[in-house]
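Residues -17 to -1, 1 to 409, numbered by mature numbering (1 follows the signal peptide of the UniProt record, and there is no 0), are exactly what the sequence shown covers, in order.
Where is the CB? At the ideal position from N, CA and C, for every residue including glycine.
Here the structure is a predicted model, which is why all the values come from computation and not from measurement.
Following: one structure in structure tokens, then a few remarks.
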Amino acid sequence: MWELTALLLLVPSSGQAATLEKPILSLHPPWTTIFKGERVTLRCDGYHPLLLELRPISTLWYLGHLLLPSHKKSIEVQTPGVYRCQTRGAPVSDPIHLSVSNDWLILQVPYAAVFEGEPLVMRCRGWYDKVVYKLHYYHDGQPVRYFHSSANYTVPQARASDSGRYQCSGTMRIPVESAPMFSAKVAVTVQELFQAPVLRVMGQVEARGAALGGVVLRCETLLHPQKRDTPLQFAFYKYSRAVRRFDWGAEYTVPEPEVEELESHWCEVATASRSVRKRSPWLQLPGRGSPLDVASTTVPVPQAAALAPGNKPLSFRKPPLSVSVPSVTSVPNTTSAGLLFPAGGAPTAGPPACAPLTPLEQTTGALKPDMDLLLREMQLLKGLLSRVVLELKEPQAFPEHRDTLETPASHFAVSQGTPETTAVES
């Protein structure tokens, strides 16, 4: 009875075995390429049950699809190939690919995945640690770093753009200095730490007493499974202004007076050290007519809402609302779009593309008859000015005014009874 009880305590239940995670396979030293004849150590870390057996089997090792005879927690290997391990009741580990080279020069990269924000270290190694001189590192065929002699190349905070194919070159003294040698190219992939966030509407908050209501927004992202314990911070913005700086909370409540401008909000997610920061697109509201789509009944959807903020913060300015239509009794300035401006004034910069239509723009259709009359007057004035300019450039074309030096306004006057022009004697 005692032996049976001990056996039950030491062997995990079927439910526990079903929830076991796959073991972690590591390589020491942590380089995926070695020289022929060298040995490295593989270690399998996971659940190792203690069974009451004469010859317990705790770890299984695989080279490709071949089962290796060793059952230890760590083994030494020198054969190239894909290695995996497995502990009792757990899934098979992730693979490690070991390469063996006969070249004079090899580029060694980490076996483990490198994530955004982490350092990426590479080592250009000469045959059995011979010193490499005039050392160059290349990324996708372009030189990125030069060293006088052997040194590691380090990217302090890796980015997705650092992924690609790397290579190194250099010379060695065997015994005299050799011609430049090149290593084989090695592919390096920088893993995404977390996905680009998305800002979503979670629901409305009812006003209670002195507390105002509003709409709850949530900044959602997804961490890589191997980095799911990484703490993240969240910040929220309205246009280019931060309405809540980085904090651990993933939700933000938009105050009730600002609910009409929900689509002007976006969020940002970052690690605690700010080594990795990612921004969301503008908030996309649910379909038109939904209870939360308050802005759809008052403010048109901005044309820039489909553009995600870039690396530089964006700034927006609301256009001032016009309360009156400018007078058209005198000859006003016009633009090619037909907008009216007060006489003697210069047109101001137009509103941004994402601004709603102003009352002035809404009344443009109502002023179309006056616009046609104004355009005819402008065409007449254009003809008169063209004649004056031509006279100034080519006086021989107008012999009757060859000796006059008056300003263009003194040559012509508009009669009250007829649109024709008459010469004015000075």
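Residue i burial status per 10 Å Cβ neighbour count (16 or more: buried)
i: Trp231; result: exposed
i: Thr405; result: With a pLDDT of only 41 at Thr405, under 50, the local geometry of the prediction cannot be trusted, and no value is derived from it.
i: Glu99; result: buried
i: Pro208; result: exposed
i: Ala162; result: exposed
i: Val97; result: buried
i: Glu101; result: buried
i: Ile17; result: buried
i: Gly109; result: buried
i: residue 440; result: Outside the shown range of the chain (-17 to 409) lies residue 440, about which nothing can therefore be said.
i: His122; result: buried
i: Val159; result: exposed
i: Pro303; result: Bear in mind that the predicted position of Pro303 carries a pLDDT of just 44, short of 50, making it unreliable; the figure below should be weighed with that in mind. It is exposed - the Cβ of Pro303 has fewer than 16 other Cβ atoms within 10 Å.
i: Leu182; result: buried
i: Val372; result: exposed
i: Leu118; result: buried
CB of residue i within 8 angstroms of CB of residue j, strictly
i: Leu268; j: Val184; result: yes
i: Lys113; j: Met164; result: no
i: Leu103; j: Val173; result: yes
i: Tyr111; j: His131; result: no
i: Arg142; j: Trp14; result: no
i: Gln216; j: Ala253; result: yes
i: Cys68; j: Trp87; result: no
i: Gln140; j: Ser258; result: yes
Whole-Å CB distance - residue i paired with residue j, under 8 angstroms assumed
i: Ala218; j: Glu175; result: Contact doesn't hold; Cβ gap of about 20 angstroms is too wide.
i: His248; j: Leu205; result: Not a contact, Cβ separation roughly 21 angstroms.
i: Val198; j: Val242; result: 5 angstroms
i: Pro63; j: Ser82; result: 6 angstroms
i: residue 410; j: Cys202; result: Any question about residue 410 goes unanswered here, given that the chain covers just -17 to 409.
Span of the beta strand (DSSP E), counted from its first residue to its last, around residue i
i: Arg71; result: Counting along the chain, Arg71 falls outside any beta strand (DSSP E), and DSSP gives it neither H nor E.
i: Arg211; result: It is not in any beta strand (DSSP E) - Arg211 carries neither H nor E in the DSSP assignment.
i: Lys113; result: That residue, Lys113, is in no beta strand (DSSP E); it is neither H nor E in DSSP.
i: Thr137; result: 135 to 138
i: Tyr94; result: That residue, Tyr94, is in no beta strand (DSSP E); it is neither H nor E in DSSP.
i: Ala141; result: That residue, Ala141, is in no beta strand (DSSP E); it is neither H nor E in DSSP.
i: Met185; result: 181 to 188
i: Ser256; result: Premise fails: Ser256 is in no beta strand (DSSP E) and is neither H nor E.
i: Asp28; result: 23 to 28
i: Tyr235; result: 234 to 238
i: Lys221; result: 215 to 221
i: Val60; result: 57 to 60
i: Pro126; result: 125 to 132
i: Glu203; result: 197 to 203
i: Lys261; result: 260 to 262
i: Ser166; result: Looking at the DSSP string, Ser166 is not in any beta strand (DSSP E), and its letter there is neither H nor E.
i: Ser53; result: First-last for Ser53: undefined, no H or E at that position.
i: Thr16; result: 16 to 18
i: Gln150; result: 147 to 154
i: Phe229; result: 224 to 230
i: Ser84; result: 79 to 84
Proximal residues to residue i (C-beta, below 6 angstroms), its chain only, five neighbours per side dropped
i: Tyr120; result: Val127, Arg128, Tyr136, Cys151
i: Lys168; result: Arg148, Gln150
i: Ile79; result: Leu8, Leu10, Tyr66, Tyr94
i: Glu59; result: Arg22, Thr24
i: Val226; result: Phe219
i: Ala134; result: none
i: Gln61; result: Arg22
i: Ala291; result: The pLDDT assigned to Ala291 is 42, lower than 50, so where the model puts this residue is not dependable; a value taken from the coordinates is nonetheless given after this. Result list for Ala291: Pro264, in chain order.
i: Leu51; result: Trp44
i: Pro214; result: Ala255
Neighbourhood of residue i by C-beta, 8 angstroms cutoff - its chain only, sequence neighbours within 5 removed
i: Ser319; result: Any reading at Ser319 must be qualified, since the residue scores a pLDDT of 39, below 50, and its modelled position is unreliable; the value itself is stated next. Within the same chain, Ser319 has no close Cβ partners at all.
i: Gly196; result: Gln187, Val188, Glu189, Ala190, Glu239
i: Ser84; result: Thr16, Ile17, Phe18, Lys19, Ala167
i: Lys221; result: Glu241, Glu244, Ser247, His248
Nonlocal neighbours in the same chain, by C-beta distance under 7 angstroms from residue i, ignoring five residues either side
i: Leu388; result: Low per-residue confidence applies at Leu388: pLDDT is 43, beneath 50, and the placement is therefore not dependable, though the value from the model is reported in the following sentence. Once the five neighbours on either side are set aside, Leu388 has no close Cβ partner at all.
i: Arg228; result: Ala218
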